[in-house]
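Per my numbering, residue 1396 is the first one in the sequence shown, and the count goes up by one each step.
Reviewing the structure listed below.
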Amino acid sequence: NVKVTEEATDGTHNLELAIEGNSFDYNSRKNIALKVDSSNIKVIPSKELTMIDGKSTIEFDVANTHPNEFNSVSIKPEAEGIRFFPAEYFIGPMNPDELFTIEFNAVADDSWNPRSEKGTNMSLTANYNNGINRHVNTVGNLNFTNVSGSTESSPKAVLAGGLIIIAVPAAFLFYRRRKH
């Protein structure tokens, strides 16, 4: 096995392999090309990360940007004060340039603060195998916005809006008739 440091730049690097022979074999020197490619799993939020009244369904696109297949791909979300279901999403093998859309249900626990203006910091950890090598890629600093109250219109608001739409033209017609 050949191990490359984390600081290695992308591209093709030459490894000189020198084999010293003995009285029965010749010495040998070979240049072996090693290709370093740091592309990996990319996790992208595909919907707004908003929690309403302590509950949310969040969705992410998971893409393999590497030129080779990855195996045993799984994604695990983490955020303080929030529980996720499923706790970890197992995708399995991913071909190059393949995209999966995954979904988590998020539920706030007792430590969640719905009045926090900053929201909650969230991270996603992608675990995968590239051949026999296990890799971990963490996507952090995703802001989970807190919203309290329903974003849907209530029946009272719809009724009030309807009354205003009817009352304004009726008042205008009544005013014109009185003027004449």
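Virtual Cβ for every residue (Gly too), placed ideally from N, Cα, C.
Residues near residue i in its chain [Cβ-Cβ closer than 8 Å; skip 5 each side]
i       : result
GLU1493 : ALA1458 and ASN1459
Whole-Å CB distance - residue i paired with residue j, under 8 Å assumed
i       : j       : result
ASN1522 : VAL1531 : 6 Å
PHE1499 : ILE1453 : 5 Å
GLY1487 : SER1506 : Not quite, the Cβ-Cβ distance comes to about 33 Å (not below 8 Å), so this is no contact.
LEU1444 : THR1540 : 6 Å
Close beta carbons around residue i, own chain, < 7 Å, minus the five adjacent residues each side
i       : result
ALA1413 : ARG1424
Three-state secondary structure assigned by DSSP to residue i
i       : result
TYR1570 : helix
PHE1565 : According to the sequence displayed, residue 1565 carries Ala and not Phe. Looking at ALA1565 - three-state DSSP - the assignment turns out to be helix.
PRO1406 : According to the sequence as given, residue 1406 is Gly; it is not Pro. GLY1406: strand per DSSP, three-state reduction.
LYS1442 : coil
GLY1556 : helix
PRO1491 : coil
LYS1551 : helix
Local Cβ density within 10 Å of residue i, reported as buried at 16 or more and exposed below that
i       : result
PHE1569 : exposed
ALA1503 : buried
HIS1461 : buried
ILE1527 : exposed
Nonlocal neighbours in the same chain, by C-beta distance under 6 Å from residue i, ignoring five residues either side
i       : result
ASN1490 : GLU1464
LYS1471 : GLU1483 and THR1520
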